[in-house]
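For reference, the structure is listed below as structure tokens.
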Amino acid sequence: MEKQDIIFVPSPGAGHLLVSIEFAKSLIKRDTRIHTITILHWTLPFVPQSKNSAKSLLASEPRIRLLPLPEIQNPPPLELFFKASEAYLLDFTKKTVPLVREALSALVSPRNGTDSVRIAGLVLDFFCVPLIDVGNEFNLPSYIFLTCNAGFLGMMKYLPERHSRTPSELDLGSGEEEHSIPGYLCPVPTKVMPPGQFVRESYEAWVEIAAKLHEAKGIMVNSFTSLEQNAFDYFARRHENYPPVYPVGPVLNLEDRPSPNLDPADKDRILSWLEEKPESSVVYLCFGSFGIHGESQIKEIARALELSGHRFLWSIRTNPMEKACPYDLLPEGFRDRTEGKGLVCGWAPQVEVLAHKAIGGFVSHCGWNSVLESLWFGVPIATWPIFQTMSSETEIKQTNGLSVISKQRRA
């Protein structure tokens, strides 16, 4: 049987990288035709630890190798990330094109003295769609691995169609405008669309990414049909000039998950604290890797927790460029007043936390990995949907409203 290699190019953000590696591990275990998987890895200036995280995740799988790309010499300005993170990530990906081309040239060259290994194709993060053209140069088919859900893919299919009619970003002042998004039962009001679509640079990046997706040979989605029946039913009906869509989820990392920013002593402190609490008595608050609230919002959340009187574990993320201590943002005396009832930390071992019997609820930013993990462990979610773009004051743009996904904890 011919040996085949697959090339993965994930986006280096924590949520994208972790689930892409887990998907690669799942593929190589399930398909005997795959000899090796090579992951081309690049780092962002504000998440340099992603390389170490990737190495840790791959330590137990020798057939998956990490190939770091050289450092980008002229990255986009960080000011663009603060203003329009999608545009920043897309521009950064474009700057990796020559590096990926060079890496692919070396990988497809005959290997002297070794058995022949054929490169079967590329698996790209959706932010990496500019690399489809590079794959075409080497006659390699490109598949998209969508680390989020099928509902998001429906929105991405809709954006170029809308843009052909209205070539400008969304406008909150457009009244009661609604959008008929593929796979959604009801029209979606403008006011609940992702905030990046109201910023010209971000909106243009989304449209550019979305318009490129149809060139892929297929789109693999980290979700499953019974969770998103309407969306997958829509994509199951083949659409002209659009690739087939495959549900491949849930892809989860539930074991040996690295926490590069977490001191082992802090992890032990968190889990020991939970051990002392009654079953289903603690609410866990975490807003994702880049879920950074400003000081005023931190104080409001702290006040609400204190007034509620409930036990809580609160993971506070701070600006990765400032290395601030999460305790510095809390109201004076808050930790003393909530001692024994609440615990504040920086990075938290989320999988271990959600799996713990003491956790009874989860206040979440609704990142897709967090949603899947909470569903897996049967933890109800109080949803605080956030799609953030950090300003220089680390403010957060977010959707309005608070809802609850309620699900019985698994027996």
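What the sequence shown shows, in the working numbering, is residues -19 to 391, in sequence order. Note that beta-carbon positions come from the ideal geometry of N, C-alpha and C, so glycine has one too.
{"Asked": "Suppose you measure from the CA of R13 to the CA of W356; what does that come to, to the nearest Å?", "Found": "30 angstroms"}
{"Asked": "Could you please give the first and the last residue of the uninterrupted alpha helix (DSSP H) stretch that includes G340?", "Found": "That residue, G340, is in no alpha helix (DSSP H); its beta strand (DSSP E) goes 339 to 344."}
{"Asked": "Could you tell me the distance, in whole angstroms, from the CA atom of P223 to the CA atom of I199?", "Found": "7 angstroms"}
{"Asked": "Assuming the contact rule is C-beta atoms closer than 8 angstroms, A39 and I1 should be a hit. Round their C-beta distance to whole Å, please.", "Found": "Contact doesn't hold; Cβ gap of about 11 angstroms is too wide."}
{"Asked": "Report the start-end ranges of each beta strand (DSSP E) in the region 135 to 209 that is 3 residues or longer and not cut off at the edges.", "Found": "198 to 201"}
{"Asked": "Rounded to a whole number of angstroms, what is the C-alpha to C-alpha distance between H345 and D248?", "Found": "25 angstroms"}
{"Asked": "Check for me: the alpha helix (DSSP H) holding T73 runs from which residue to which?", "Found": "65 to 75"}
{"Asked": "Does the distance from the C-beta atom of S261 to that of H290 stay below 9 angstroms?", "Found": "yes"}
{"Asked": "Assign A100 to one of three DSSP states: helix, strand, or coil.", "Found": "strand"}
{"Asked": "Does DSSP put W294 in a helix, a strand or coil?", "Found": "strand"}
{"Asked": "Considering only residues of the region 206 to 267, which uninterrupted alpha helix (DSSP H) runs meet the minimum length of 4 residues and lie entirely inside it, listed in chain order?", "Found": "209 to 216, 244 to 255"}
{"Asked": "My understanding is that V103 touches I189, with C-beta atoms under 8 angstroms, so please give their C-beta distance in whole angstroms.", "Found": "Rounded, the Cβ-Cβ distance is 16 angstroms, inconsistent with contact."}
{"Asked": "Is the region 176 to 185 close to the region 109 to 117, with three or more CB pairs under 8 angstroms?", "Found": "no"}
{"Asked": "Can you give the Cα-Cα distance for E66 and E256, rounded to whole angstroms?", "Found": "42 angstroms"}
{"Asked": "Quick one: using the 10 Å Cβ neighbour count with 16 as the cut-off for buried, is D308 buried or exposed?", "Found": "exposed"}
{"Asked": "Please classify P258 as buried or exposed, where buried requires at least 16 other C-beta atoms within 10 Å of its C-beta.", "Found": "exposed"}
{"Asked": "Are W294 and L285 closer than 9 angstroms when you measure CB to CB?", "Found": "yes"}
{"Asked": "Per DSSP, D422 is paired with what?", "Found": "For the chain, the structure presents residues -19 to 391; residue 422 sits outside this window and is missing."}
{"Asked": "How about L7 and I19: are their beta carbons less than 9 angstroms apart?", "Found": "no"}
{"Asked": "Suppose only complete runs of 4+ residues qualify. What are the alpha helix (DSSP H) ranges in the region -19 to 62, listed by chain order?", "Found": "-6 to 10, 30 to 38"}
{"Asked": "Measure the C-alpha to C-alpha separation of T369 and G176 and round it to an integer number of angstroms.", "Found": "For T369, the predicted model reports a pLDDT of 35, less than 50, meaning its position is unreliable; a value from the coordinates is still stated below. Using only the alpha carbons, I get a separation of about 8 angstroms."}
{"Asked": "Assuming W348 and N119 make a contact with CB atoms under 8 angstroms, what is their CB distance in whole Å?", "Found": "Not a contact, Cβ separation roughly 33 angstroms."}
{"Asked": "Roughly how many angstroms lie between the CA atoms of E149 and V179, to the nearest whole one?", "Found": "6 angstroms"}
{"Asked": "Could you name the residues of the same chain whose beta carbon sits closer than 7 angstroms to that of G101, not counting the 5 residues immediately before and after it, in chain order?", "Found": "I(-14), L120, P121, S122, Y123"}
{"Asked": "Can V231 be considered in contact with the ligand COA, in the sense that its beta carbon sits closer than 8 angstroms to one or more heavy atoms?", "Found": "This structure simply doesn't include the ligand COA, nor any ligand for that matter."}
{"Asked": "Which residues does DSSP pair with G322 in a beta bridge?", "Found": "F292, E319"}
{"Asked": "Return the Cβ separation of A196 and A130 in integer angstroms, given the expectation that the two are a contact with Cβ distance under 8 angstroms.", "Found": "Going by Cβ atoms, the distance from A196 to A130 rounds to 15 angstroms, so no, they are not a contact pair."}
{"Asked": "Going by alpha carbons, who is nearest to A216 out of E235, L232, G163?", "Found": "G163"}
{"Asked": "Please go through the same chain and pick out, in chain order, the residues whose beta-carbon is closer than 6 angstroms to the beta-carbon of G115, but skip the five residues on each side of it.", "Found": "L102, S122"}
{"Asked": "Which partner residues does A130 have in the DSSP bridge list?", "Found": "Looking at the DSSP assignment, A130 forms no beta bridge with any residue, so it has no partner."}
{"Asked": "Could you pull the start and end residues of the alpha helix (DSSP H) that L112 belongs to?", "Found": "Correcting the residue identity first, residue 112 is Ile in this sequence and not Leu. Start and end: 111 to 117."}
{"Asked": "Output the distance between the C-alpha atoms of S36 and S30, rounded to the nearest integer angstrom.", "Found": "10 angstroms"}
{"Asked": "What do you get for V333, buried or exposed, if any count of 16 or more other CB atoms within 10 angstroms of its CB means buried?", "Found": "buried"}
{"Asked": "Check I281 in the structure and name its three-state DSSP category.", "Found": "helix"}
{"Asked": "Secondary structure at K387, three-state DSSP: helix, strand or coil?", "Found": "Unreliable positioning characterises K387 in this predicted model, as indicated by a pLDDT of 39, which lies under 50. A coordinate reading is not provided."}
{"Asked": "Taking the continuous beta strand (DSSP E) assigned at A362, which residues delimit it?", "Found": "361 to 363"}
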